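Okay, structure first, notes after.
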Amino acid sequence: MNKFKGFTDSETFTQLPDSFFHHLLKEIEDVGELKVTLYFLWRAGQMEGPFRALTRLDFDVKALGLSAEEITRGLEKAVKRGSLLKASLRSAVQEGRKEAKVYFFLNSPRGRAAVQALESGKWDPSHSPSAPPLERPNVFRLYEENIGPLTPLIADTLKDAEALYPAEWIAEAIERAVKNNKRNWKYCEAILKRWKEEGTHGEKTEQDAGKSAERYTKSEFEEYLKRD
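Read in order, the letters of the sequence shown are residues 129 to 356 in the numbering used here.
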């Protein structure tokens, strides 16, 4: 068992229906069913629009710690219990397509309306935005896990960085700092400034990466490269 490091003050929270705790939590005994139900509530909570649906492939194997077969069985049990609903596009069913995509919904007034609209052909989810991508680790957690404790001053600095640079840049800068064993924010910040000023983010070749590293060593990175 991997020991959990604990929750942080910077992470977001997911709302769960009260009925989950009042009714479902004590009834669900299968781990797979419990995991897919909680996962659906989390992913659906990040979606926008009146109808929120997930397909089987939206249930991430790695995030759930389940095999594809276990996820499928968990979904079948959740549908049988009535916590989730499933439906296929009416046109696909009428055409007898074996590969007709199945959509899952929360068994709520909005979910039931979505199923009715889907099965009546009034709504086609394939023309709607797909489920949001999996959440990337936020900057605060990345900092705590790779650089050091999150102080109020550092938290403010990271918030400023989020306003200036894309989240993926910050994540990559922290990754590079770890790789070079230079675990301090000023080093990461220098990388970000260089990328923004010179437009060198995303260099792919080893030659480009080597040139960048050389520039870093000879410029503002030198101070940080010399630190223990």
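The C-beta atom is built at its ideal place from N, Cα and C for all residues, glycine as well. It should be emphasised that the depicted structure is a prediction, and the values quoted were computed from it without experimental measurement.
Could you pull out every residue in the same chain whose Cβ sits closer than 8 Å to the Cβ of residue i, ignoring the five residues on either side in sequence?
| i | result |
| --- | --- |
| Thr136 | Phe268, Arg269, Glu272, Leu278 |
| Val207 | Leu213, Lys214, Phe232 |
Let me confirm a value: residue i is counted as buried when at least 16 other C-beta atoms fall within 10 Å, else exposed. Which label applies?
| i | result |
| --- | --- |
| Thr165 | buried |
| Leu153 | exposed |
| Gly239 | buried |
| Glu317 | buried |
| Gly134 | exposed |
| Phe149 | exposed |
Measuring straight from C-alpha to C-alpha, what distance separates residue i and residue j?
| i | j | result |
| --- | --- | --- |
| Leu262 | Val189 | Annotation note: pLDDT 49 at Leu262 (below 50); position unreliable, no value reported. |
| Met129 | Glu326 | 45 Å |
| Phe168 | Pro253 | 17 Å |
| Lys131 | Gly193 | 16 Å |
| Leu182 | Tyr315 | 41 Å |
| Lys287 | Ala295 | 11 Å |
| Ala291 | Glu139 | 17 Å |
| Glu204 | Lys229 | 15 Å |
| Gln222 | Gly249 | Per-residue confidence for Gln222 stands at a pLDDT of 47, beneath the threshold of 50, marking its modelled position as unreliable; no derived number is given. |
| Ala283 | Arg311 | 16 Å |
| Glu161 | Glu300 | 35 Å |
| Ile199 | Leu281 | 43 Å |
In three-state terms, what does DSSP make of residue i?
| i | result |
| --- | --- |
| Ala215 | strand |
| Tyr167 | helix |
| Asn274 | helix |
| Ser147 | helix |
Once the 5 residues before and after residue i are set aside, which same chain residues still bring their CB inside 7 Å of it?
| i | result |
| --- | --- |
| Glu176 | none |
| Arg304 | Ile319 |
| Ser400 | The chain is shown from 129 up to 356; residue 400 falls before or after that span and cannot be answered. |
With which residues is residue i paired in a DSSP beta bridge?
| i | result |
| --- | --- |
| Thr183 | Tyr231 |
Closer than 6 Å by C-beta to residue i: which residues in its own chain qualify, once you throw out the five before and the five after it? Chain order, please.
| i | result |
| --- | --- |
| Leu213 | Phe233, Asn235, Gly239, Val243 |
| Asp158 | Lys205 |
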